[in-house]
Amino acid sequence: MGLRALGLELVNCGTEPYRLDGYPVLRLFDGDGNPVPVRVVEGAKEITSGFDDPPRPLTLRPGERAGAAVLWRNLVTDPTVVATNGERLEVAPAVGRPAQAVGLDGPIDLGNTGRIGVSAWKKRAADPTSTPSRPLPDAPAPNRPAPGSPVPLP
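This is the structure:
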């Protein structure tokens, strides 16, 4: 069916409470660093069922985590439209807040749908076995954590 998903984790690495209410803000780029035109759908209504719980205000104390899911389908429905691949994803916790590059295990292969879905932030239970990662010094994108690592707050 071509359904793809990517988990996002936001960790409050600061010393003050961090407030969230809404959806992560996504920006997608191709391999040359050019923005990929994509329509971001809040929830998954146009992509699949589920992940449509509305956002609720939440406050993360230092060390607490929130998570969200990014969903898309690799579908080619129109052979006259070129399929799109995103090679870099930047995520901001909310509109107007700084974005960070998220490590990807592979491309975001949208086919020619031109859309990507994102769930609302939800508080996550603490994972006692993991610690927040810091950006890698030799990463090609600024502030880019390793694939699968939590995205630390500045």
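Just so we're aligned, residue 1 is where the sequence shown starts under the working numbering, counting upward by one. Using N, Cα and C, we set each Cβ at its ideal position, and we do this for glycine too.
Three-state secondary structure assigned by DSSP to ARG159: Lying before the first or after the last residue shown, residue 159 is absent from the chain, which here runs from 1 to 154.
ALA125 burial status per 10 Å Cβ neighbour count (16 or more: buried): Numbered from its first residue, the sequence shown carries residue 125 at position 125. Looking at its Cβ environment, which holds fewer than 16 other Cβ atoms inside 10 Å, ALA125 is exposed.
GLY43 versus SER119 - alpha carbon distance: The residue you call residue 43 lines up with position 43 of the sequence shown. The residue you call residue 119 lines up with position 119 of the sequence shown. C-alpha separation (whole angstroms): 5 Å.
Residue from LEU10, PRO54, GLY86, PRO35 whose Cα sits closest to the Cα of ASP105: Stepping through the sequence shown from its first residue, residue 105 is reached at position 105. Taking only the C-alpha atoms, the option nearest ASP105 is GLY86.
In DSSP terms, what TYR18 is bridged to: Numbered from 1 along the sequence shown, position 18 holds the residue referred to as residue 18. LEU60.
Cβ separation of GLY67 and LEU8, assumed to be a contact under 8 Å, to the nearest whole Å: The residue given as residue 67 occupies position 67 in the sequence shown. The residue given as residue 8 occupies position 8 in the sequence shown. GLY67 to LEU8, Cβ: 6 Å. Contact.
Same chain only: Cβ atoms within 6 Å of ALA83, ignoring 5 sequence neighbours per side: Along the sequence shown, read from residue 1 onward, the residue named residue 83 stands at position 83. If we look at ALA83 and ignore the five residues flanking it on each side, its Cβ neighbours are VAL76, GLY111, ASN112.
Simplified DSSP state of ARG4, which is helix, strand or coil: Your numbering for residue 4 matches position 4 in the sequence shown. Three-state DSSP puts ARG4 in a strand.
ASP109 to VAL36 span [Cα, whole Å]: What you label residue 109 is simply residue 109 of the sequence shown in a count that begins at 1. What you label residue 36 is simply residue 36 of the sequence shown in a count that begins at 1. Their backbone Cα atoms lie some 11 Å apart in a straight line.
Nearest-angstrom Cβ-Cβ length linking LEU3 and THR48, presumed shorter than 8 Å: Position 3 of the sequence shown, counting from 1, holds the residue named residue 3. Position 48 of the sequence shown, counting from 1, holds the residue named residue 48. Going by Cβ atoms, the distance from LEU3 to THR48 rounds to 6 Å, so yes, they are a contact pair.
Candidates ARG88, LEU89, TYR23, THR80: closest to VAL95 by CA position: Locating residue 95 in the sequence shown gives position 95, counting from the first residue. Of ARG88, LEU89, TYR23, THR80, the residue nearest in Cα terms is TYR23.
For ASN85, three-class secondary structure by DSSP: The residue given as residue 85 occupies position 85 in the sequence shown. If DSSP states are grouped into helix, strand and coil, ASN85 belongs with the strands.
Spatial distance of VAL81 from GLY114 (CA atoms): Position 81 of the sequence shown, counting from 1, holds the residue named residue 81. Position 114 of the sequence shown, counting from 1, holds the residue named residue 114. Rounded to the nearest angstrom, the two C-alpha atoms are 10 Å apart.
Sub-8 Å separation of GLY103 and GLU46 beta-carbons: As a first step, residue 103 is located in the sequence shown; it is residue number 103 there, counting from the start. As a first step, residue 46 is located in the sequence shown; it is residue number 46 there, counting from the start. Going by C-beta atoms, GLY103 is not nearer than 8 Å to GLU46.
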